[in-house]
Structure formats: structure tokens, C-alpha cells
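Residue numbers (this note's numbering): 3 to 238.
Here a beta-carbon is modelled for each residue, glycine too, at the ideal position from N, C-alpha and C.
Predicted model only: the values in this text are computed from it and were never measured.
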């Protein structure tokens with residue numbers, strides 16, 4: 003069983019070639035004419051996700067999380083978009099309890115030719131309430147966060163912090179706050195990029211698991227702050 007799974011759990015050059023051609027021929031006629039190539043690419047994606055799920059399961063609560071629930075559709079929602087291209091230029095999946103719609107901080111994997119693939123996780127488009135919780139943690143107890151994101155292994159694997167940053171000072175905090183740079187962040191999403199050569203390695207799924215293990219403490223902290231921390235009762 004292990005050998006069979008490993009042989010299917012990898013991306014191949016034809017999959018990246020299909021994605022490149024899709025960018026140049028992003029229309030329904032071409033896509034349907036080349037449906038077998040897409041089906042083959044999706045099968046490879048499913049194999050990689052299956053292997054990543056197996057690798058994450060020892061340290062993540064992923065019971066009853068199916069492969070199909072982790073994969074994003076390739077069709078774009080063009081109802082309110084000026085760009086009417088019907089298909090995305092990438093393959094993607096997100097892994098959290100129950101799949102991509104867990105509602106929690108999860109692991110997002112983006113596969114796109116041209117060395118644009120990446121593993122990412124963290125605070126992205128938080129609700130105002132969750133952003134307030136993040137800033138409160140930075141104000142009251144920043145050491146736990148900094149111990150995670152400033153660790154050598156973390157910075158080596160996730161050198162790129164993405165997300166919107168305020169140019170002004172957030173309300174309620176002084177401009178000379180010692181952690182003002184963290185407080186100005188409206189998003190704090192870390193990424194590790196992969197070359198096409200790395201994506202095509204047989205060990206790519208295992209590399210995703212390795213990166214996920216490194217960023218897990220940051221995800222755990224955010225999930226605790228946003229969803230698991232109990233509100234302290236108000237005493238009069």
C-alpha cells in the first residue's frame with residue numbers, strides 16, 4: 003500500500019505543462035478539448051493531498067478529513083470580476099479539520115508553474131475581532147509569538163511575511179510602542195516558495211509536511227487566540 007501511494011503522490015512535468023498552456027488558452031473550448039490532461043493533473047493533486055494528509059495526521063487532528071474536501075475548484079467565480087477568464091492558473095489545496103472550509107488557521111498549498119508555488123499559513127483577512135485579539139496578544143504577551151516567528155528554523159524556512167500593513171498607528175496604541183511594527187500588521191501570513199524542480203520531486207508531499215510542522219506552532223497560537231481561548235469572566 004505504501005509503495006502504491008508513493009508512486010501516485012507526485013506531480014509530473016505534463017501537469018505543469020498543462021497549467022502553462024491553460025494560461026495561454028483560458029477558455030472553455032480549449033479546456034474541454036484538453037479535459038484528459040486536466041483529469042490527470044487533478045489525479046496527481048489528489049495523490050499529493052492524500053500523502054500530505056497521511057503525513058500530517060500524527061500531529062494534526064484531521065480525522066474524517068477527505069481529500070476532496072481539501073482541494074479548491076479550478077473554476078473561477080467571475081460573477082463580480084472584471085477578469086472573465088473561467089479558470090484559475092493554479093492548483094491549490096488547504097488542510098484543516100474537515101478540509102479547506104475548516105474556518106480555522108490551516109495550511110495552504112499553491113501550485114503554479116514559473117517557480118510560483120508555495121506553502122503558506124497564518125493570519126490572512128482576519129475579522130476585526132480576531133485582529134483585535136492579535137494586537138492584544140502583541141501588546142500583552144509578545145514573547146510567545148516572537149519566540150515562534152524569530153526562531154532560526156522558522157526564519158530559514160519562512161523568510162517571507164506577506165499581508166497588508168498599516169502606514170499609520172492602530173487606534174489605542176502609541177506610535178512609540180516597542181512592538182509597533184507587529185501592531186501595524188493587518189495580516190501576517192508566512193510563505194515558503196518552491197521551484198518547479200522542487201515541485202516535481204517525488205518527495206514534494208513530504209516536504210510540505212516538513213514545512214507544515216515548522217509553521218504549526220504559529221498556526222496553533224493563532225487558533226488558540228481566535229477560537230479556543232476562553233473569555234475571562236468579568237468580576238464586579
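Between the CA atoms of residue 90 and residue 80 - distance to the nearest angstrom: Within the chain shown, numbered from 1, the residue matching residue 80 stands at position 78. Within the chain shown, numbered from 1, the residue matching residue 90 stands at position 88. Taking the straight line joining both Cα atoms gives about 11 Å.
Whole-angstrom distance between residue 182 and residue 87, CA atom to CA atom: Residue mapping note: residue 87 aligns to position 85 of the chain shown, counting from 1. Residue mapping note: residue 182 aligns to position 180 of the chain shown, counting from 1. Near 41 Å, if we compare the C-alpha coordinates of residue 182 and residue 87.
Length of the line joining the Cα atoms of residue 156 and residue 35: Here the question's residue 156 lines up with position 154 in the chain shown. Here the question's residue 35 lines up with position 33 in the chain shown. When rounded, the distance between both Cα atoms is 44 Å.
Terminal residues of the beta strand (DSSP E) in which residue 73 lies: Indexing the chain shown from 1 puts residue 73 at position 71. For residue 73, there is no enclosing beta strand (DSSP E), since its DSSP letter is neither H nor E.
Three-state secondary structure (DSSP) of residue 175: As a first step, residue 175 must be located in the chain shown, where it is residue number 173. Residue state, collapsed to three classes: coil.
DSSP beta-bridge partners of residue 162: As a working note, residue 162 is residue 160 in the chain shown. Looking at the DSSP assignment, residue 162 forms a beta bridge with 193.
Distance CB(residue 117)-CB(residue 198) smaller than 8 Å: Counting from one through the chain shown, the residue named residue 117 turns up at place 115. Counting from one through the chain shown, the residue named residue 198 turns up at place 196. Going by C-beta atoms, residue 117 is nearer than 8 Å to residue 198.
6 Å Cβ shell around residue 165 - same chain, five flanking residues per side excluded: Here the question's residue 165 lines up with position 163 in the chain shown. Here the set comprises 189, 190 and 191.
Integer-rounded CB distance, given that residue 113 should sit under 8 Å from residue 13: For the purposes of this step, residue 13 is taken as the residue at position 11 of the chain shown. For the purposes of this step, residue 113 is taken as the residue at position 111 of the chain shown. Between residue 113 and residue 13 the Cβ distance is about 7 Å, and since that is below 8 Å, they are a contact.
Continuous beta strand (DSSP E) assignments of at least 3 residues falling wholly in the stretch 95–156: 109–113 and 119–125
Cα-Cα separation between residue 9 and residue 29, rounded to whole angstroms: Residue mapping note: residue 9 aligns to position 7 of the chain shown, counting from 1. Residue mapping note: residue 29 aligns to position 27 of the chain shown, counting from 1. Because the pLDDT at residue 9 is just 43, under 50, the model does not fix this residue reliably, and the point stays unresolved.
CB of residue 107 within 8 Å of CB of residue 72, strictly: Taking the chain shown and counting its residues from 1, one reaches residue 107 at position 105. Taking the chain shown and counting its residues from 1, one reaches residue 72 at position 70. It is not a contact, given that the beta carbons lie outside the stated cut-off.
Residue 167 versus residue 38 - alpha carbon distance: Within the chain shown, residue 167 is the residue found at index 165, counting from 1. Within the chain shown, residue 38 is the residue found at index 36, counting from 1. Cα atoms of residue 167 and residue 38: separation of roughly 43 Å, rounded to the nearest angstrom.
8 Å Cβ cutoff met for residue 119 and residue 201: Numbered from its first residue, the chain shown carries residue 119 at position 117. Numbered from its first residue, the chain shown carries residue 201 at position 199. One thing to note: residue 119 has its Cβ within 8 Å of the Cβ of residue 201.
Under the three-state DSSP convention, the category residue 186 falls into: By one-based count along the chain shown, residue 186 stands at place 184. Residue 186 falls in the coil class under three-state DSSP.
DSSP state of residue 202 mapped onto helix, strand, coil: Residue 202 sits at position 200 when you count from the first residue of the chain shown. Coil at residue 202, not helix or strand.
Proximity winner among 31, 194 and 231, relative to residue 132 (alpha-carbon distances): Within the chain shown, numbered from 1, the residue matching residue 132 stands at position 130. Minimum Cα distance to residue 132 is reached at 231.
Minimum C-alpha distance to residue 52 - residue among 95, 220 and 141: For the purposes of this step, residue 52 is taken as the residue at position 50 of the chain shown. Among 95, 220 and 141, the Cα nearest to that of residue 52 is on 95.
Residue 114 beta carbon near the ligand NAP (any heavy atom closer than 7 Å): In terms of ligand content, the structure shown is empty, and the ligand NAP therefore cannot be addressed.
Contacts around residue 50, its chain only, beta-carbon distance under 6 Å, and the 5 residues preceding and following it disregarded: By 1-based counting over the chain shown, the position of residue 50 is 48. Here the set comprises 11 and 207.
Residue 161 versus 22, 146, 169 and 217, residue with shortest Cα-Cα distance: The residue labelled residue 161 in the question sits at position 159 within the chain shown. For the residues 22, 146, 169 and 217, the minimum Cα distance to residue 161 belongs to 217.
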